[in-house]
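A.B. asks: Just so you know, we're using the working numbering here: the sequence shown kicks off at 11 and counts up by one.
Even for Gly, the Cβ is constructed at its ideal location relative to N, Cα and C.
Model, not experiment: these values are computed from the prediction.
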Amino acid sequence: MASLAQRMTELTRERGHLAAAGVNPFGVCMDEVTSATEAVIAGRPTILVGTNNYLGLSFAPESIAAAVAATERMGTGTTGSRVANGTYALHQQLERRIADLYDRPEALVFSTGYMANLGVLSTVAGPGDTILLDADSHACIYDGCRLSGATMIRFRHNDVEDLEKRIRRLGAERTGNLVIVVEGVYSMLGDRAPLREIVEVKKRHGAILVVDEAHSLGVFGDRGRGLAEEVGVLGDIDFVAATFSKSVGTIGGFCVSNADGLDLLRYTARPYVFSASLPPSVVAAAIASIDLMEKGTHLRARLWENVGWLHARLTGLGLEVIAAESPILAVRMPSEQALLAAWMGLLERGVYVNLALPPATPQAVYLLRCSVCAEHTQPQLERVVDAFTEIAGGN
Ligand code: PMP
Numbered sequence: 011m012a013s014l015a016q017r018m019t020e021l022t023r024e025r026g027h028l029a030a031a032g033v034n035p036f037g038v039c040m041d042e043v044t045s046a047t048e049a050v051i052a053g054r055p056t057i058l059v060g061t062n063n064y065l066g067l068s069f070a071p072e073s074i075a076a077a078v079a080a081t082e083r084m085g086t087g088t089t090g091s092r093v094a095n096g097t098y099a100l101h102q103q104l105e106r107r108i109a110d111l112y113d114r115p116e117a118l119v120f121s122t123g124y125m126a127n128l129g130v131l132s133t134v135a136g137p138g139d140t141i142l143l144d145a146d147s148h149a150c151i152y153d154g155c156r157l158s159g160a161t162m163i164r165f166r167h168n169d170v171e172d173l174e175k176r177i178r179r180l181g182a183e184r185t186g187n188l189v190i191v192v193e194g195v196y197s198m199l200g201d202r203a204p205l206r207e208i209v210e211v212k213k214r215h216g217a218i219l220v221v222d223e224a225h226s227l228g229v230f231g232d233r234g235r236g237l238a239e240e241v242g243v244l245g246d247i248d249f250v251a252a253t254f255s256k257s258v259g260t261i262g263g264f265c266v267s268n269a270d271g272l273d274l275l276r277y278t279a280r281p282y283v284f285s286a287s288l289p290p291s292v293v294a295a296a297i298a299s300i301d302l303m304e305k306g307t308h309l310r311a312r313l314w315e316n317v318g319w320l321h322a323r324l325t326g327l328g329l330e331v332i333a334a335e336s337p338i339l340a341v342r343m344p345s346e347q348a349l350l351a352a353w354m355g356l357l358e359r360g361v362y363v364n365l366a367l368p369p370a371t372p373q374a375v376y377l378l379r380c381s382v383c384a385e386h387t388q389p390q391l392e393r394v395v396d397a398f399t400e401i402a403g404g405n
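So this is what it looks like as structure tokens:
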């Protein structure tokens, strides 16, 4: 077993090549955040094209007012878990709001989306069960599978045939429950899951289907409920998990289910039982923002206009954008060196995008991960394209 000192040396070495390039892309500090699309970074006004704030709701006046009022009324924190002193009427109101949104009897709110996935997966599956997960799944899906103690089988990203082949291979050995986990939109490449086909597989094999709508909530569907709503299969999803930390513009997670007895998770889900509940400010902001999200057809229209516009301009510059299926436009770079230079070049020109590189990326690709917001203005997007033009031309 490696000693702590050895382990730290290894990690330092891994990080060393980034430090040598003079950047710490994972330590960017926003000195000020002045709107959903602008911040001051290293003293420079910067356009944010690397958040998950797809609808721009982190600055919605209604949500800010609700957060301030709740803080003044109920304080800055609950100081305890939901099963102890951390359930306020406001938490129950938020759960009612989400249950109504999804036309389900009940919803459960967690303190993060990460914890929602951990809680759901470790409850729906246990030792003796099998979880099939998309290979590109978020870390919290992997961690939730591990916490469950079930057998984990990865299938090739978005490959329904591979999923079905792996289920068939289980054959007679299959004993316990079969759980399939996918995401609505994948956070790195920005592509969507083939949900209709996955629902067919689930039905054919009597599996339980869990969909993490983290990046698709607010973005798809008439009422912003995610990709399952958009493609008309919401009724077939056994568990929907999602987060408030993206389109909802605050923090927290939730899950809704078709299954009876969702309430059980309040006793079995360790992240729910053993961690403090969300503070009143966050819960109040989430309720206000979910209202705006559900009614936000105009925001979704603006978002998709912006996505279409930026995608056309970036590809027009000869850049390879992996998918245009979501607000995540991932620009593929040929090498780590090119990626770091481009990322820094954009930052120096007042444009912040996410830098994504192996091992965090699927297929070991190098990505400038851009994410579009409904609140990006045309002049802002033009400045973003100007910056890309300059770095592409080496100016
Ligand atoms: N699921 C996916 C697909 C995510 O991308 C993320 C966050 N990046 C999460 C879950 C976790 O959400 P949270 O930040 O609320 O913990």
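Starting from E392 and walking both ways along the alpha helix (DSSP H), at which residues does that stretch end?
C.D. replies: 388-403
A.B. asks: Apart from the five residues on each side of it in sequence, which residues of its chain come closer than 8 Å, Cβ to Cβ, to V78?
C.D. replies: S291
A.B. asks: Given I208, which residues of its chain have a CB within under 8 Å of its CB, disregarding the five upstream and five downstream residues?
C.D. replies: V170, L173, I190, V192, L219
A.B. asks: Roughly how many angstroms lie between the CA atoms of G234 and Y64, to the nearest whole one?
C.D. replies: Whole-angstrom Cα-Cα distance: 12 Å.
A.B. asks: If we call anything under 8 Å between Cβ atoms a contact, is V250 one with Y112?
C.D. replies: Taking a C-beta distance under 8 Å as the contact criterion, V250 and Y112 qualify as a contact pair.
A.B. asks: Can you tell me where the alpha helix (DSSP H) holding D301 begins and where it ends?
C.D. replies: 290-304
A.B. asks: First and last residue of the alpha helix (DSSP H) that includes T307?
C.D. replies: That run of the alpha helix (DSSP H) goes 307-326.
A.B. asks: Using the Cα positions of G262 and H386, report the straight-line distance between them to the nearest angstrom.
C.D. replies: 24 Å
A.B. asks: State buried or exposed for G328, treating a residue as buried only when at least 16 other CB atoms are found within 10 Å of its CB.
C.D. replies: exposed
A.B. asks: Suppose only complete runs of 4+ residues qualify. What are the alpha helix (DSSP H) ranges in the region 54-133, listed by chain order?
C.D. replies: 71-84, 99-111
A.B. asks: Suppose contacts are defined by Cβ-Cβ distances below 8 Å. Is A384 in contact with L377 by that definition?
C.D. replies: No, these two residues do not count as a Cβ contact at 8 Å.
A.B. asks: Report yes if the C-beta distance between V119 and L104 is below 8 Å; otherwise report no.
C.D. replies: In contact: V119 and L104 (Cβ atoms closer than 8 Å).
A.B. asks: Using DSSP with H/G/I as helix, E/B as strand and the rest coil, what is D201?
C.D. replies: coil
A.B. asks: Can you determine whether any heavy atom of the ligand PMP sits closer than 7 Å to the C-beta of D153, and answer yes or no?
C.D. replies: no
A.B. asks: Where does N34 land, buried or exposed, given buried means 16+ other C-beta within 10 angstroms?
C.D. replies: exposed
A.B. asks: In terms of residue numbering, what span does the beta strand (DSSP E) encompassing I141 cover?
C.D. replies: 140-144
A.B. asks: Using the Cβ count rule (16 or more neighbours within 10 Å means buried), how would you classify F165?
C.D. replies: F165 sits buried, since 16 or more C-beta atoms from the chains shown fall within 10 Å of its C-beta.
A.B. asks: Take the Cβ of F284 as the centre, count every other Cβ of all protein chains shown within 10 Å, and call the residue buried at 16 or more, exposed below.
C.D. replies: F284 should be labelled exposed.
A.B. asks: Within this structure, are the beta carbons of R92 and Y282 separated by less than 8 Å?
C.D. replies: Closer than 8 Å, so yes.
A.B. asks: Can you tell me whether DSSP reads R214 as helix, strand or coil?
C.D. replies: helix
A.B. asks: Is the separation between the beta-carbon of T47 and that of G66 shorter than 8 Å?
C.D. replies: yes
A.B. asks: Is there contact between the region 173-182 and the region 199-214, where contact requires at least three CB pairs shorter than 8 Å?
C.D. replies: yes
A.B. asks: Which value, in whole angstroms, describes the spacing of the CA atoms of T44 and G360?
C.D. replies: 14 Å
A.B. asks: Could you work out which residue in T86, Q388, G186, T56 is closest to S287 when comparing CA atoms only?
C.D. replies: Restricting attention to T86, Q388, G186, T56, the CA atom closest to the CA of S287 is found in T86.
A.B. asks: Anyone know if the C-beta pair for G194 and A238 falls short of 8 Å?
C.D. replies: yes
A.B. asks: In angstroms, rounded to a whole number, what distance separates the CA positions of L128 and C150?
C.D. replies: 6 Å
A.B. asks: L391: which of L58, F36, E42 sits nearest, CA to CA?
C.D. replies: L58
A.B. asks: Can you list, in chain order, the residues of its chain with a C-beta nearer than 6 Å to that of L114? Leave out the 5 residues immediately preceding and following it.
C.D. replies: A quick correction: the sequence has Arg, not Leu, at residue 114. Counting only Cβ-Cβ distances below 6 Å, and skipping sequence neighbours, we find V266.
A.B. asks: Can you find a heavy atom of the ligand PMP that lies under 7 Å from the Cβ of S255?
C.D. replies: Yes, since a heavy atom of the ligand PMP falls inside the 7 Å radius drawn around the Cβ of S255.
A.B. asks: If I follow the unbroken beta strand (DSSP E) through D41, where does it start and stop?
C.D. replies: 40-45
A.B. asks: Comparing C-alpha positions only, which one of S73, T61, Q347, V134 sits nearest to A269?
C.D. replies: The shortest C-alpha separation from A269 is found at V134.
A.B. asks: Measuring only the C-alpha atoms, how far is A10 from G231?
C.D. replies: In the structure as shown, the chain begins at 11 and stops at 405. Residue 10 is therefore absent and cannot be evaluated.
A.B. asks: What is the residue span of the alpha helix (DSSP H) that A366 lies within?
C.D. replies: Element bounds for A366: not the alpha helix (DSSP H) but the beta strand (DSSP E), 364-366.
A.B. asks: Take the Cβ of R312 as the centre, count every other Cβ of all protein chains shown within 10 Å, and call the residue buried at 16 or more, exposed below.
C.D. replies: buried
A.B. asks: Threshold first: 4 residues or longer. Then list the alpha helix (DSSP H) segments lying entirely within the region 330-367, N to C.
C.D. replies: The region 330-367 contains, as complete alpha helix (DSSP H) runs of 4+ residues, the segments 346-358 (chain order).
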